[in-house]
Structure formats: structure tokens, C-alpha cells
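S.K.:
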Amino acid sequence: MRVRELGRFIRDQRGSARLSLRKLSKLAGISNPYLSQIERGLRRPSAEILQAIAKALRISAETLYVKAGILEERTDAIDIPGSVRRDASLTAKQKQILLDLYQSFHAEGVAAKRPKVRKVAAAKRPAARTKKSTSRPAGRSTTARKTPARRRTRRNA
Numbered sequence: 015m016r017v018r019e020l021g022r023f024i025r026d027q028r029g030s031a032r033l034s035l036r037k038l039s040k041l042a043g044i045s046n047p048y049l050s051q052i053e054r055g056l057r058r059p060s061a062e063i064l065q066a067i068a069k070a071l072r073i074s075a076e077t078l079y080v081k082a083g084i085l086e087e088r089t090d091a092i093d094i095p096g097s098v099r100r101d102a103s104l105t106a107k108q109k110q111i112l113l114d115l116y117q118s119f120h121a122e123g124v125a126a127k128r129p130k131v132r133k134v135a136a137a138k139r140p141a142a143r144t145k146k147s148t149s150r151p152a153g154r155s156t157t158a159r160k161t162p163a164r165r166r167t168r169r170n171a
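The opening residue of the sequence shown carries number 15 in my numbering; numbering runs sequentially from there.
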């Protein structure tokens with residue numbers, strides 16, 4: 015049942031955003047009990063309610079529409095480079111800039127999906143202590159410390 019999936023998804027997104035149920039209901043402009051029923055899969059929200067929830071969660075409304083079964087998930091690949099090359103309103107320089115930018119973002123996305131190799135640092139050796147020259151007043155040894163002053167206590171008579 016898609017309504018339960020939608021409710022779990024909204025609850026997970028709310029948790030990720032660190033919002034309480036009351037805070038999200040206030041941000042979305044819907045009642046607290048109604049949002050609770052949506053999260054538990056008891057109510058099927060309208061597209062307008064989903065849009066308000068998506069706005070409050072700062073996620074795409076399309077994502078919620080797909081989870082609710084209102085929209086079908088896109089599976090077709092869009093030819094971005096081809097679309098940019100065919101656009102007659104852009105100059106050759108603008109097209110090249112857009113293509114370079116798209117390719118750099120695409121490369122970052124591919125790199126993010128690769129598993130990261132964890133580098134192990136070599137064990138650090140303790141640094142050798144060097145004798146530092148310190149200027150201390152004459153007559154004061156390095157081992158002598160001031161003793162704390164004794165506190166005077168008042169005795170109650």
C-alpha cells in the first residue's frame with residue numbers, strides 16, 4: 015500500500031530535518047492530528063497537502079507525488095548535452111560553458127557514488143623534547159612552588 019510508504023517517507027524526512035510533528039504541521043499549515051494520520055498511513059493527502067509538506071521539509075513536491083502514486087517515476091534519460099547544442103538562442107561560447115559546467119557536475123556525481131578509499135595515517139612518533147631557554151627571575155628555582163595561602167575561618171561563638 016503506497017499510503018503507508020508515503021507516511022514512512024514523510025516521517026523519515028521529518029526526522030532527517032529534525033522537526034517535531036507539531037513544528038512540521040505548523041510549517042506546512044495543516045493540523046497536527048491530520049499530519050499524524052498521514053504519517054501512520056491512515057489518510058491519503060491531496061496534492062496540495064503534499065506540496066505544503068514538501069515545502070516545509072524543503073524537498074521536491076515531485077518526490078512526494080511519486081511516493082503517493084500521483085505521478086510515475088521518471089525513467090527516461092534526458093539528453094542534456096544534445097538539448098544544449100540544439101538551442102538556437104545560445105551562442106557557441108554559452109553552449110560550451112553550459113556543457114563544461116554540466117560535465118563537471120556529472121563527474122562530481124559519479125565520484126560521489128564511488129566507494130571512498132580510507133587512508134591510514136602512519137603512526138606518529140612523539141617529538142623529541144628540546145631544551146627551551148626560559149628566562150626566570152634570579153633566585154627562583156624551577157621546582158619551588160608557591161604554597162596556597164591559608165584561609166582564615168570565622169569561628170562562631
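We put the beta carbon where it would ideally sit given N, CA and C, even for glycine. What you are looking at is a predicted structure, and each value in this text was computed from that prediction instead of being measured.
1. Do R28 and L38 have their CB atoms nearer than 7 Å?
2. Going by other Cβ atoms of all chains shown within 10 Å of its Cβ, with 16 needed for buried, is L56 buried or exposed?
3. For R16, name the three-state secondary structure that DSSP assigns.
4. Do the segment 59-79 and the segment 19-34 meet, that is, are 3 or more Cβ pairs less than 8 Å apart?
5. When you measure from the CB of L56 to every non-hydrogen atom of the ligand PLP, does any distance come out below 6 Å?
6. So, using beta-carbon positions, are L115 and P95 closer together than 7 Å?
7. Contact criterion: CB-CB distance below 7 Å. Does S30 meet it with respect to chain B?
8. How far does the alpha helix (DSSP H) with L33 in it extend, from its first residue to its last?
9. Between which residues of its own chain and I63 is the CB-CB distance below 7 Å, once the five residues before and five after are set aside?
M.R.: The relevant details are as follows:
1. Cβ atoms of R28 and L38: closer than 7 Å.
2. Flag for L56 reads exposed.
3. It is helical.
4. Because the criterion of three Cβ pairs below 8 Å is met, the segment 59-79 and the segment 19-34 touch.
5. Within the structure as shown, the ligand PLP is missing, as the structure has no ligands at all.
6. No, the Cβ-Cβ distance between L115 and P95 is not below 7 Å.
7. The chain labelled as chain B is not found in the depicted structure, where only one protein chain is given.
8. Careful: L33 lies outside any alpha helix (DSSP H) and carries neither H nor E.
9. Cβ neighbours of I63 beyond the five flanking positions: I44.
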